[in-house]
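Have a look at the structure below before the remarks.
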Amino acid sequence: MDLPTIFAAGAPLIGWTTHGLLLNRRLATARRDPLTGLHTRDGFTARAERLIQRHPDRASVLLIDLDHFKAVNDTHGHAAGDAVLAATAVRLSAWCGHSGIAARLGGDEFAAVVLDGPDRARDLFEALHQPVTHAGLVVPVSASIGLCAVAALPVISLTDALAAADRAMYAHKSGGRLARRR
């Protein structure tokens, strides 16, 4: 085989390889929220389900909703709101550590699956109620958290655990308190 034939045969292979690499990079980027760096719903689901399947007796699902977030944007501006979202992501990720996974589901709603969540939930509650400093302003922050211990469910599934955590969160939303479903 002569050199031009080898290059002609290799060109499509190089093109498809490059295309595949770019596609994988775009898919990975789409699974991360650009503002917070947390997983999006799609990136979160498969990992969360695996964690629940591996540790059904220890896994907990949490839903977090920032209280009065619209007021933060209206009072301090969207840049301050973005700073609150980013700070929430950092705090949630730090709390999850290596034994959990965190996601931004959209807007001001976050989710997490962690091991031994009920034992550590108070720490998350306190972290998410710390003010955020942005452009010299101190922005007050509060969050409502719903927690569901997966083992307490009749059928262990991420969907059911998220629904239970959602119900727990909204049951106590007005007080901005930590709510648990047992």
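The sequence shown lines up with residues 943 to 1124 when you count with the working numbering. Ideal Cβ positions, reconstructed from N, Cα and C, are used throughout, including at glycine.
Around the beta carbon of glycine 1023, 16 or more other beta carbons lie within 10 angstroms, which makes this residue buried. Within the model, the alpha-carbon separation for histidine 1018 versus alanine 990 is close to 34 Å. Annotation: leucine 980 to alanine 1094 spans about 27 Å, alpha carbon to alpha carbon. Within the same chain, His1018, Ala1021, Ala1022, Ala1025 and Val1026 come within 8 Å of histidine 1076 by CB-CB distance, once the 5 residues on both sides are set aside. Every beta strand (DSSP E) of 3 residues or more that sits fully in the segment 1077 to 1110 is shown, in chain order, as 1079 to 1081 and 1085 to 1091.
In the DSSP annotation of this structure, leucine 1004 is not part of any alpha helix (DSSP H); the continuous beta strand (DSSP E) holding it starts and ends at 1001 to 1008. According to DSSP, residue pairing for alanine 1053 in a beta bridge involves Leu1005 and Ala1045. Membership of glutamine 995 in the alpha helix (DSSP H) is indicated by the continuous run 983 to 996.
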